[in-house]
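All residue numbers for the sequence shown refer to the numbering used here, where the first residue is 33 and numbers rise by one.
C-beta atoms are modelled at their ideal positions from N, C-alpha and C, and glycine is treated no differently.
Since the structure is predicted, the reported quantities are computational estimates derived from the model, not experimental observations.
Read the structure below first, then the notes.
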Amino acid sequence: HEGYATRYESDVVVAKDRPAKELRVILGEGATVRGSVRDERGQPVANARVVAIKDAGRRFGGGGTLERDIGFTDSGGKYAIDTLTQGTTYRFGVMAEGYAPVFEMTGEEIRGKAHEKDFSLVLGGAISGVVRRQSDGKPVEGALVVVAVGRMPFGPGRGRGGNEGGEPPRTSTGQVRTDADGRFLLE
């Protein structure tokens, strides 16, 4: 509900022929993050989708429920998400048609009720190719092709993309499966 922090209950059991128990969910006042999404020329990006993903500390692991809050930009590139939970860490991302998506690799704890967060997007491109087996060169149908572009954090000063006092590392990712001829196109 607008203005209230999102809350998920994951230990709810519903079973046939069992008496129902009362489920009481109490919503607290939400924290708000607002800002703008602009392109590389500084022009507003309308209809961009801004996502706040609760950072449960499991970067790529499974388990648990993916908790996220979403907002969309207006014609002036402005957005607001007012359903965040104070004291919770989120990773933010933004996607818009025709632009490369951007996702933060590190979380940010939401303290207090109001935060500003702006994003800048660059025009997207395309990558295509064919996946073949190394043994005989035949195309591979259904192969998952994953592309990650950006600075990946490998710890302070370690490896390419180490973040020594710069902006938080951000990445853009995409994935697609190959067709019957092993071909893929990711836009």
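Judging by CA-CA distance, which residue of D213, Q166, I113 is the nearest neighbour of E61? Here residue 61 is taken as the residue at index 29 of the sequence shown, counted from 1. Nearest option by C-alpha distance: I113.
Near G206, what residues of its chain come up, given a Cβ to Cβ distance below 6 Å and the 5 sequence neighbours on each side ignored? Stepping through the sequence shown from its first residue, residue 206 is reached at position 174. The residues are V179, L218.
Please report the Cβ distance between G109 and V172, rounded to the nearest whole angstrom; I am assuming they are in contact, meaning their Cβ atoms lie under 8 Å. Taking the sequence shown and counting its residues from 1, one reaches residue 109 at position 77. Taking the sequence shown and counting its residues from 1, one reaches residue 172 at position 140. That pair is no contact at about 41 Å.
Distance check for T64 and G144, CA to CA, integer angstroms please. Residue mapping note: residue 144 aligns to position 112 of the sequence shown, counting from 1. Residue mapping note: residue 64 aligns to position 32 of the sequence shown, counting from 1. Each residue's Cα considered, the two are about 9 Å apart.
Exposed or buried, A47, counting other C-beta atoms within 10 Å across all chains shown (16 or more means buried)? In the sequence shown, counting from the first residue as 1, residue 47 sits at position 15. Exposed, because fewer than 16 other Cβ atoms sit within 10 Å of the Cβ of A47.
Are G119 and I85 touching if we call contact CB-CB under 9 Å? Taking the sequence shown and counting its residues from 1, the one referred to as residue 119 is at position 87. Taking the sequence shown and counting its residues from 1, the one referred to as residue 85 is at position 53. Contact check for G119 against I85 fails: the beta carbons are separated by 9 Å or more.
Check whether the Cβ atoms of G31 and A175 sit closer than 9 Å, and answer yes or no. The question about residue 31 has no answer, for the chain in this structure spans 33 to 219.
For my contact list, A128 and A52 are in at a C-beta cut-off of 8 Å; report their separation, rounded to the angstrom. The residue given as residue 128 occupies position 96 in the sequence shown. The residue given as residue 52 occupies position 20 in the sequence shown. At roughly 43 Å, the Cβ-Cβ gap does not stay under 8 Å, so A128 and A52 are not in contact.
Counted within 10 angstroms of its Cβ, other Cβ atoms place T138 as buried (16 or more) or exposed: As a working note, residue 138 is residue 106 in the sequence shown. It is exposed - the Cβ of T138 has fewer than 16 other Cβ atoms within 10 Å.
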